[in-house]
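Engineer:
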Amino acid sequence: MSVVGTSAAPDGRDVRASPADAIDPDQLPDGLVVADEHGRVVRFNAAAARITAVSPADALGRPLEKALPLEDLEGRRWWQLTDPYGGLAIRVRQPERNLLLPGGREVLVAARYVRDEPLGPLSRLVVTLRDTDARRRTERSHAELIATVAHELRSPLTSVKGFTATLLAKWERFTDEQKRLMLETVDADADRVTRLIAELLDISRIDSGRLEVRRQPVDIAAAVGRHIQAHVAAGQPADRFLLRVEHPLPALWADPDKVDQVLSNLLENAVRHGAGTVTIDVTPAPSPREGEETATSVTVSDEGPGIPEESMNRVFTRFWRGSKRGGTGLGLYIVKGIVEAHGGTITVGRAPGGGARFRFTLPVSAPAYLA
């Protein structure tokens, strides 16, 4: 069964597509149900069958209210309530709303009233159905994000409020060393809140497709070296890191701040959750972008326990934590968003030493005038 597509001409007439442009309704992602002028079902696609658990053979030819018995959230029968065939002739559609199938399953339903002439009787009633599972997953993800943010903010803000209130009330009772310790704690907690807010802004930009990439020439090997030196300055032994660079590397154009963010997160994960030597390999690689031959690849691996096989497909999702040792579980989600905003790819696997191995590849992305 196929459907010939139509579109509206400027004067309101239907412009019918040629048979070569016909659309198979079973290829549509949403449920499609079409009733004729008598209210009997003449089309019932595969998505509608999946959503309603009614086979097309059982639906075709039946009255719409029996093939698709819908109720509103107050238990009223929807087709009797809206009366599409006997109601006002000026109506052209029903906006999408939540309705219930038999058994209480919730679906999103919209309808289009097709008339051969204005104010004439219905010639077709076109109904679309969408599963609410995806919307519920989104709502659940947003709720989890709010809960995580509230939890992560509560601890440092409680600390900041407690120490500042104590200092203001009893300043003269503390030694300079005690005051310094309290202020250092307040400073660290303020940094923690700042990092969380930055993560939330990144997630918002990634989810909305508004993450901006400001490309400049980037020396990726030097950038890795700076991050290693920062960890050494923070107390990590220098021999815990092994940097291997394969020359010549292609000239890389990327956003240096965002590349630093990716490197910082991956090295921090390897240091905090891994063990043994953290090895960073910087090599040329085939480009993930069509039309470019080479790219730059960075692999960060450790010798710790690694990531369980069953968890690898969740590593780059929100709130995934490799261990219970702190973190919001948002870092790797942001890393993936940054890499993909550059047109690159990132993968996770098991390192030769048994630990975790993260590998990201960035296309060269040189400006056209350098090509």
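Residues in the sequence shown are numbered from -4 upward in steps of one, following the numbering used here.
Glycine is no exception: its CB is placed at the ideal position from the N, C-alpha and C atoms.
Remember, predicted model here, so these are calculated numbers, not experimental data.
With hydrogens ignored, establish whether the beta-carbon of residue 91 is closer than 6 Å to any heavy atom of the ligand FAD.
Structural biologist: Absence of the ligand FAD is noted for the structure shown, with no ligands found whatsoever.
Engineer: Using a threshold of 7 Å, state whether the C-beta atoms of residue 102 and residue 124 are closer than that.
Structural biologist: Yes.
Engineer: Along the chain, which unbroken stretches of the alpha helix (DSSP H) at least 4 residues long are found entirely within the segment 160 to 211?
Structural biologist: Listed in chain order, they are 171 to 203.
Engineer: Is residue 243 helix, strand or coil when you go by DSSP?
Structural biologist: Coil.
Engineer: Tell me the rounded alpha-carbon separation between residue 14 and residue 254.
Structural biologist: With a pLDDT of 48 at residue 14, under the threshold of 50, the predicted position of this residue should be treated as unreliable, and no value is reported.
Engineer: Taking the alpha-carbon positions, what's the residue 185 to residue 166 distance?
Structural biologist: Cα to Cα, the separation comes out at about 21 Å.
Engineer: Which residue comes first and which comes last in the beta strand (DSSP E) that contains residue 26?
Structural biologist: Its beta strand (DSSP E) spans residues 26 to 30.
Engineer: I need the boundaries of the alpha helix (DSSP H) containing residue 89, first residue and last residue.
Structural biologist: First-last for residue 89: 88 to 95, but that is the beta strand (DSSP E), not the alpha helix (DSSP H).
Engineer: Can you look up residue 248 in the DSSP assignment and give me helix, strand or coil?
Structural biologist: The answer is strand: DSSP assigns residue 248 an E or B state.
Engineer: Using beta-carbon positions only, say whether residue 128 and residue 46 come within less than 7 Å of one another.
Structural biologist: Contact flag unset, no.
Engineer: Can you check the segment 301 to 362 for any beta strand (DSSP E) of at least 3 residues that lies completely inside it and give the ranges in chain order?
Structural biologist: Runs found: 340 to 345 and 351 to 358.
Engineer: With distance defined between alpha-carbon atoms, name the residue in 304, 96 and 116 nearest to residue 43.
Structural biologist: Nearest option by C-alpha distance: 96.
Engineer: Quick one: grab the DSSP three-state call for residue 272.
Structural biologist: Coil at residue 272, not helix or strand.
Engineer: With distances taken from CA atoms, which of 236, 67 and 20 is nearest residue 296?
Structural biologist: The option with the nearest alpha carbon to residue 296 is 236.
Engineer: In chain order, what residues of the same chain have a beta carbon less than 7 Å from the beta carbon of residue 159, not counting five sequence neighbours either side?
Structural biologist: Counting only Cβ-Cβ distances below 7 Å, and skipping sequence neighbours, we find 181.
Engineer: Which residues does DSSP pair with residue 238 in a beta bridge?
Structural biologist: Beta-bridge pairing links residue 238 to 275.
Engineer: Whose C-alpha, out of 195, 284, 327 and 241, is nearest the C-alpha of residue 217?
Structural biologist: Of the candidates 195, 284, 327 and 241, the one whose C-alpha sits nearest the C-alpha of residue 217 is 241.
Engineer: Could you check where the alpha helix (DSSP H) with residue 60 kicks off and where it finishes?
Structural biologist: It spans 59 to 62 - the alpha helix (DSSP H) in which residue 60 sits, taken as one unbroken run.
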